[in-house]
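Protein chains in written order, with my numbering: chain A, 1 to 391; chain P, 1001 to 1391; chain C, 2001 to 2391; chain G, 3001 to 3391.
All C-beta atoms in this analysis are idealised placements derived from N, C-alpha and C, irrespective of residue type, glycine included.
In this text the structure is predicted, and so the values were computed from the model without any measurement.
Protein chains: 4
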Amino acid sequence: MAIEGKSEQNAGRIRLGMVGGGRDAFIGGVHRIASRIDDRFELVAGAFSSTPEKSKASGADLGLDQSRVYDDFTAMAKREARLKDGIDAVAIVTPNHMHYPVAREFLKRGIHVICDKPLTATLGEAKKMVAAAEKSDAVFVLTHNYTGYPMVRQAREMVAAGELGTLRVVQAEYPQDWLTEPLEQTGMKQAAWRTDPAQSGAGGCIGDIGTHAFNLASFVSGLELDELCAELTSFVDRRRVDDNANVMLRFKGGARGMLWSSQVAPGNENALKLRVYGEKGGLEWSQEDPNYLWFTPLGEPKRLITRGGAGSGEAAARATRVPPGHPEGYLEGFATIYSEAAEAIHAAQAGESVSSDVVYPTVQDGLIGVAFVDACVRSSGRNGAWVSLNL
Amino acid sequence: MAIEGKSEQNAGRIRLGMVGGGRDAFIGGVHRIASRIDDRFELVAGAFSSTPEKSKASGADLGLDQSRVYDDFTAMAKREARLKDGIDAVAIVTPNHMHYPVAREFLKRGIHVICDKPLTATLGEAKKMVAAAEKSDAVFVLTHNYTGYPMVRQAREMVAAGELGTLRVVQAEYPQDWLTEPLEQTGMKQAAWRTDPAQSGAGGCIGDIGTHAFNLASFVSGLELDELCAELTSFVDRRRVDDNANVMLRFKGGARGMLWSSQVAPGNENALKLRVYGEKGGLEWSQEDPNYLWFTPLGEPKRLITRGGAGSGEAAARATRVPPGHPEGYLEGFATIYSEAAEAIHAAQAGESVSSDVVYPTVQDGLIGVAFVDACVRSSGRNGAWVSLNL
Amino acid sequence: MAIEGKSEQNAGRIRLGMVGGGRDAFIGGVHRIASRIDDRFELVAGAFSSTPEKSKASGADLGLDQSRVYDDFTAMAKREARLKDGIDAVAIVTPNHMHYPVAREFLKRGIHVICDKPLTATLGEAKKMVAAAEKSDAVFVLTHNYTGYPMVRQAREMVAAGELGTLRVVQAEYPQDWLTEPLEQTGMKQAAWRTDPAQSGAGGCIGDIGTHAFNLASFVSGLELDELCAELTSFVDRRRVDDNANVMLRFKGGARGMLWSSQVAPGNENALKLRVYGEKGGLEWSQEDPNYLWFTPLGEPKRLITRGGAGSGEAAARATRVPPGHPEGYLEGFATIYSEAAEAIHAAQAGESVSSDVVYPTVQDGLIGVAFVDACVRSSGRNGAWVSLNL
Amino acid sequence: MAIEGKSEQNAGRIRLGMVGGGRDAFIGGVHRIASRIDDRFELVAGAFSSTPEKSKASGADLGLDQSRVYDDFTAMAKREARLKDGIDAVAIVTPNHMHYPVAREFLKRGIHVICDKPLTATLGEAKKMVAAAEKSDAVFVLTHNYTGYPMVRQAREMVAAGELGTLRVVQAEYPQDWLTEPLEQTGMKQAAWRTDPAQSGAGGCIGDIGTHAFNLASFVSGLELDELCAELTSFVDRRRVDDNANVMLRFKGGARGMLWSSQVAPGNENALKLRVYGEKGGLEWSQEDPNYLWFTPLGEPKRLITRGGAGSGEAAARATRVPPGHPEGYLEGFATIYSEAAEAIHAAQAGESVSSDVVYPTVQDGLIGVAFVDACVRSSGRNGAWVSLNL
């Protein structure tokens, strides 16, 4: 991804299709920009909406050949699989409950899948998704995009290198404030489907953003969850899912943690934050200021490691495009996941294995995420009993 | 406390004695400075140590008349009570297990007590302390000093005025790092007594600093705890008390919270932080940057309220000495508790009731704090069961 | 640029060529990513280096048709102008002294120019560039990219709306540290040409980054310079240009300012910062944390306006792709300049005038920038005499 | 000053008098608190106002013996000099133009002087003050209090130890906003005398706070000024002194600097800031967050050194009372100057020389400060000509 000529070497753009992401969606546009940043993909087809006119209009907006714009993802999968220059990969950016039905159609035809998170709306579907992915030769990439930030890669690398020693404490949080009021009752589409259990799954806030926090904590710490206890709350009147989640975590090996996610915390826009403490040092990272990583080796002054600056290592460099002091953001982190997807797809096409430096979230990570939400819901339903993931 | 002439009006300095706080103590010196800042007290007597030479030497350091330096707090209480110019008040700055035995001797002689926190080492003693204080005519002030910070007063005032609406979420944390290694095994006195259940009580980190965080959350939010579930952990080998505490909180009326305290989190010196969120807004305050209070009215930009600056109100002004931009710190916050103690003592001496603006922590707050620690220990012992305070 | 379908409406991608930006360049890659983010351009041709093999290799890296890869920019201009699907626009990303010779060839053939800053290496050339641009029908866009940041647009909009009242004080600074040591003597290419007066012009640091700071100050404040006095210093032994510049500014209408740029200030990566104060309020913005704008209305608490958050207006919204809390960075700001270039080019192609919302830096802004550098060099040569721009 | 018993060893409190600092003053109260914090002084006398009733009332507020409250500083000096337990030292906290007349009376009687800054209102008086101080056996301490902050001491120690290498660049600034409007025209006393040349001297903002910034820069960097050029501006209608000052600095040895002070910069309360850059590293310190010092060794990550934390050395420790993470503030920094005054006075009383660790600002520093203001006024009057200090 780096700007150096080497990594701009273009092995040919991957032909990308998209399911979901029509005119009034948010995440579809994000995926499209992310796919373009490193120039590894070209969007050539899409089923942007199940409403035919809306899908057509969206395709037209994007300058697509109208023959490649569908209103039925199954039809899209079938036809694209047969086309000589059909899509190599599909990006799935629908509400959660459609992830599995859509992915299945493409996976079974060997089309690579880049799927938004969480993996599915239910744990049952998540397990089916794993099975479908394992059965397919296609690559499956889950866009837990926050793992794409360079300083998250840096943190992971430092933990893995033992710079913190044995980990003891993990504190993850992801507060937002956009659902402080009953926005879903105003007809706002983003709020409506995210608070509808049929579309989002049983977890509300915990599924929408709590999973990101848990995924991030796991990605950086390398720790595996043993048990959790959770209390999910719906503060807003008539809201059907949780909008605040308090979770305590026990990791295998003895580390302990807490996770807080909320969508009713005024003053928080998208304040995902991770802190990890070990016997020898501590790390702190905030998504809203992503180019910084605080590192304190025990007994030394706190250090501000900047993306690409002194102290920033190989893992961050691989996910970096511009020099230190030139901030990269959310879209670049997302683009890193896409670039890693491209590397995996090219490797698959060449029958080779992909570099171990490529660490995008997998279908297995997705299953763990859905199991995490499921466990939180179960624990909360049992008054905060300690439960394990049902994998 | 303000610098304006009015509040420097000196109704005569209160004669203060001290128990504990000898040469190698930390908090004794803090109390002495705090007592001087607003010029309401004069230290005239002390039992600084049970080792006679040490007490004498400490008294000499402080320029006290040697006849007023004791090695036995009971002797001190007895003699000072009889002296014509004996102490009006005593500051108790011993390890926790001595708070009650010491306070009792002074309370029963009508000498006002300013006691360090936590109130006692055990819940049983805490209840006895309440009884002793209620039985006495003396004023009892507990130095949960963080409540003395002007912006904490500001936060409390804003919550009480309804600027946040009904509260939903409270997040309190108090991480430190100084016990990351087994300092108590090196003979370091501060570490030794704080990790000795016989001196500190059953709670380690949760008693030493978790109580501060809980007290602060209660002071600002005005919420009353319903239940908690806790997990206390001792990460350091052979440590006898917890050094990390994860707690989930249920408040009466439905608000939910989390509290984390740790003494093994590298990169945290004394990072007490409180966040409170309601239906209409959110507040954030950090002890290490105490002159700032972040306030977000829902749907408006975040505001940085500064001590004494625009948006800072009456409650903060009463606890403020210098203009905005001239930072006040830990000692000034502590001094505010002392000044409020002085106001209460003068009122008591005059047979008047003290102003409702005076809001120092009371013996009752101390009981709640000890009950909080007790509840955390009980819950943790029962694998994180929800428990109520045993008041 | 917004993610909403509307602005993704694609009027057909503009065919883009590039001069400069071969394998070991930095800014060429930045321009390429910026041109892709909003999907308005497609890179189809280039003269990436005057070394034929290097240009070919760079073109191959980028997947270009080899027939469109040139080693001579004049040949490129001639041939592309004749091709039926020849380039619509060219991005010029060479060292400064080549900007004018290159631009001239394209401008005179009606090919739109997107040129890196500063406009030229000398004031004489800058005036010729203005003449060439005025004579041409082509659009000329100068990539003073920092004007593309949403919160810079927000600041400009607020000043223009009178939210600060009459301006009094402008403080601009742009410190870096990468030239603290004589990097140019190690053969590092970026350092070599930037410290070579023949390639960069007479200004070193003041030309490379001081112009950015001055352009930003002008863009936001709307103020016009009356006079300046400057002291340029070369701290590093044998460096041929300034690496630190102190400048005092007098604006027409009475406002006063200072500008500091440095490349020898350890601890500063790319710390462009602007502060503007008026009778009614103040604004502060830092490039390294670009999603925030501090605004203090006189007598009110400081407000943190976030990109897309409460208080963020129309001008910022037009330059924004993702919701508040999802940070955008350097590349997105750069992309906004490209998208505005696209709007201007499409308007030109349609014979229409472009919207007044489109405010990219022009050739005239570029002339002012070069005149600013020239004035700083002149003033410094006269021991800091006050001088005017030689426009 | 440290809390350790050793430094609380009390060699007997110094008897302190005060001139100025009556009921509606600001800085008098600050001096009184500062004198108490480390318990080295006892206020026993004062001429708080030339209005007899006001002086009496102020003395009564402070609990002084009325026989020691004067309305005439000369009478005070005479009588206190004769008293057996007369004052050892006097704190002078009047408007600037009275510093010299008052100090003279005490100096000539051998009474130690602690004088607020700037030294005097005019350069002529400053020179007389130096002569008077040199002629006297008394200690003379100038309360450029910002030099008392622990992290300022730390910065000075690091520069002196060569951790930054040869210094190149110094950036000092001190913006405030309280005079953005013509407060002096409302009768507000603080504003009135500070904008009256007869009381404050020819410099307004540059004398009131610019001198602090210059003193701080000199104290930390150890550099000596060679020349300066300045532009002083009065933005507020009918204001008689400058309210904004832009200054460029040339130091002996080749370092260059800028200094900005303003009292019309909305959003700045008391934002004194210093940045120092050398060949090997950089330092940054802000008065409003005084417990932090940013240090970047060239080529390493930025480090956050905290007061008393890792990386904080001996000089800071000597000026520190409480552990890291327990913020000290403005009053503690001020108290350090008082404690150093006490050390110097005790040494003088004992006929000994004071430790080289005692580095309070001297009468000579005060002369340099007044000469700095004088030079700024002269340079500005000559359209920013370079001028030297007239020492």
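Asked: Contact set between the region 1221-1244 of chain P and chain A, restricted to residues whose Cβ is under 7 Å from the partner; Found: CYS1229, GLU1231, THR1233, PHE1235 and ASN1244
Asked: Counted within 10 angstroms of its Cβ, other Cβ atoms place THR3320 of chain G as buried (16 or more) or exposed; Found: buried
Asked: Cutoff 7 Å: GLY2302 of chain C Cβ touching any chain P Cβ; Found: Note that residue 2302 of chain C is Lys in the sequence shown here, rather than Gly. It does; some Cβ of chain P falls within 7 Å.
Asked: Alpha-carbon spacing of ASP177 of chain A relative to ILE209 of chain A, whole angstroms; Found: 12 Å
Asked: Chain P within 7 Å of GLY2299 of chain C, Cβ atoms only; Found: yes
Asked: Helix, strand or coil at ASN390 of chain A [DSSP, three-state]; Found: coil
Asked: Runs of alpha helix (DSSP H) lying entirely within the region 3037-3116 of chain G, each at least 4 residues, in chain order; Found: 3052-3061, 3073-3082 and 3099-3107
Asked: ALA245 of chain A: first and last residue of the uninterrupted beta strand (DSSP E) it sits in; Found: 244-251
Asked: Local conformation of ALA3255 of chain G per DSSP, three classes; Found: coil
Asked: Option in C:LEU2389, C:PRO2361 and C:ALA2344 with minimal Cα separation from ASP2137 of chain C; Found: C:ALA2344
Asked: SER3058 of chain G and ARG3023 of chain G closer than 7 Å at C-beta; Found: yes
Asked: Nearest-angstrom beta carbon gap, SER3262 of chain G and LYS3273 of chain G [assumed within contact, 8 Å]; Found: The Cβ separation is near 12 Å, so there is no contact.
Asked: First through last residue of the beta strand (DSSP E) which encompasses ARG1156 of chain P; Found: That residue, ARG1156 of chain P, is in no beta strand (DSSP E); its alpha helix (DSSP H) goes 1150-1160.
Asked: Entirely enclosed beta strand (DSSP E) segments - the region 2298-2386 of chain C, minimum 3 residues; Found: 2302-2306
Asked: Bounding residues of the alpha helix (DSSP H) (the contiguous stretch that carries GLN3199 of chain G); Found: 3197-3200
Asked: Partners in chain A for MET1265 of chain P, counting only beta-carbon separations shorter than 7 Å; Found: The identity of residue 1265 of chain P in the sequence shown is Ala, whereas the question assumes Met. Within chain A, the residues near ALA1265 of chain P are VAL169, TYR277 and GLY282.
Asked: Burial state of LYS3084 of chain G (16 or more Cβ within 10 Å); Found: exposed
Asked: At least three beta-carbon pairs within less than 8 Å, the region 2114-2127 of chain C to the region 2307-2319 of chain C; Found: no
Asked: Residue-chain proximity (GLU2269 of chain C, chain A), Cβ-Cβ < 7 Å; Found: yes
Asked: Beta bridge counterpart(s) of GLU1227 of chain P as assigned by DSSP; Found: P:ARG1250
Asked: Cβ-based burial, PRO1052 of chain P [other Cβ within 10 Å; buried from 16]; Found: exposed
Asked: CB contact check: GLY2311 of chain C to chain P, cutoff 7 Å; Found: yes
Asked: Cβ neighbour criterion (16 or more within 10 Å) applied to ARG3104 of chain G; Found: buried
Asked: The beta strand (DSSP E) enclosing GLN1171 of chain P, as first and last residue numbers; Found: 1167-1175
Asked: Residues bridged to ARG275 of chain A [DSSP beta-bridge criterion]; Found: A:GLN171 and A:GLU284
Asked: C-alpha distance - GLY1017 of chain P paired with LEU1043 of chain P, whole-angstrom precision; Found: 6 Å
Asked: Neighbouring residues, chain P, relative to GLY3037 of chain G (Cβ below 9 Å); Found: Residue 3037 of chain G is actually Ile in this sequence, not Gly. The contacting residues are ILE1033, ARG1036, ILE1037 and LEU1331.
Asked: Amino acids of chain B, ordered along the chain, whose beta-carbon sits closer than 9 Å to that of GLY12 of chain A; Found: As a matter of chain content, chain B is missing from the structure shown, whose protein chains are A, P, C and G.
Asked: Paired residues, beta bridge with GLY3222 of chain G - DSSP; Found: Answer is none; GLY3222 of chain G lacks a bridge partner.
Asked: When A:ARG82, A:ILE111, A:GLY21 and A:ASP65 are compared against ALA412 of chain A, the one with the closest alpha-carbon; Found: The structure shown has nothing for residue 412 of chain A, since chain A only spans 1 to 391.
Asked: CB contact check: ILE1305 of chain P to chain C, cutoff 7 Å; Found: yes
Asked: Local Cβ density within 10 Å of ARG1015 of chain P, reported as buried at 16 or more and exposed below that; Found: buried
Asked: Residues near ALA1994 of chain C in its chain [Cβ-Cβ closer than 6 Å; skip 5 each side]; Found: Past the edges of chain C, shown from 2001 to 2391, lies residue 1994 of chain C, and the structure says nothing about it.
Asked: Outcome for GLY2005 of chain C when other beta-carbon atoms lying within 10 angstroms are tallied against a minimum of 16; Found: Low confidence applies to GLY2005 of chain C: its pLDDT is 37, below 50, so where it sits in the model is not reliable, and the reading given next is rough at best. Label assigned to GLY2005 of chain C: buried.
Asked: With 16 other Cβ atoms within 10 Å as the buried cut-off, status of GLN66 of chain A; Found: exposed
Asked: Distance between beta carbons of ALA60 of chain A and VAL19 of chain A, contact taken as under 8 Å; Found: 17 Å between Cβ atoms; not a contact.
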